[in-house]
Amino acid sequence: SEDVRVLSPMFDDYRAYSLGLNLGYRGFTIGGSVKSTNAGLADLDEDGYLAFDAGITFKSGEDKGDWGFMLNYGQSEANLVGTNPINPPIYRDTQTAQAGVTYFVGRGITIGAAAQYVESNKPATAGGPEEATTVVIESSIKF
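What the sequence shown shows, in our numbering, is residues 7 to 149, in sequence order.
In structure tokens, the structure reads:
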């Protein structure tokens with residue numbers, strides 16, 4: 007760690023902590039996770055990267071005619087306070103929401119659709135605020 011600081015006082019040992027948990031009962035699954043890291047940068051004891059997500063899924067079964075549904079929300083924030091704490095040089099706040107549905111055509115065969123919305127705020131020098139919407143149509147065959 008001290009050798010790294012001699013070469014560049016901006017960097018330090020990488021530290022990350024993460025935890026996730028899913029609980030399921032009768033077709034329902036509720037879950038979430040959280041992660042915090044210094045991204046290998048020095049002096050990020052209070053600032054750095056923090057992310058979390060939480061979601062719920064439901065499946066009525068896996069046979070022909072059954073359905074599955076999903077909702078999820080996530081947020082992440084990255085900060086590195088510099089000379090201007092109002093607009094730090096590394097700053098990004100991102101939120102995302104997803105929803106989806108799956109139909110079981112037959113045992114092991116599904117079709118589905120999902121939508122995702124992402125909103126990201128960052129300094130103008132890094133591209134400024136962004137918004138995106140994605141729609142996905144999917145199919146799968148398991149054997």
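Virtual Cβ for every residue (Gly too), placed ideally from N, Cα, C.
Query: Counted within 10 angstroms of its Cβ, other Cβ atoms place GLY54 as buried (16 or more) or exposed; Result: buried
Query: Local Cβ density within 10 Å of THR140, reported as buried at 16 or more and exposed below that; Result: exposed
Query: Euclidean distance between Cα positions of GLY118 and GLY26; Result: 26 Å
Query: DSSP beta-bridge partners of ARG98; Result: ALA84
Query: For THR108 and TYR123, believed in contact at Cβ under 8 Å, the rounded distance; Result: Not quite, the Cβ-Cβ distance comes to about 19 Å (not below 8 Å), so this is no contact.
Query: Continuous beta strand (DSSP E) stretch holding GLU68: start and end; Result: Run containing GLU68: none; DSSP gives neither H nor E here.
Query: Straight-line gap, LYS70 to GLY106 (C-alpha atoms, nearest Å); Result: 18 Å
Query: Given PHE149 as reference, the closest of GLY134, ALA132, GLY112 once Cα atoms are compared; Result: GLY112
Query: Length of the line joining the Cα atoms of ALA84 and THR63; Result: 28 Å
Query: Cβ-Cβ distance between SER66 and GLY37 below 8 Å; Result: no
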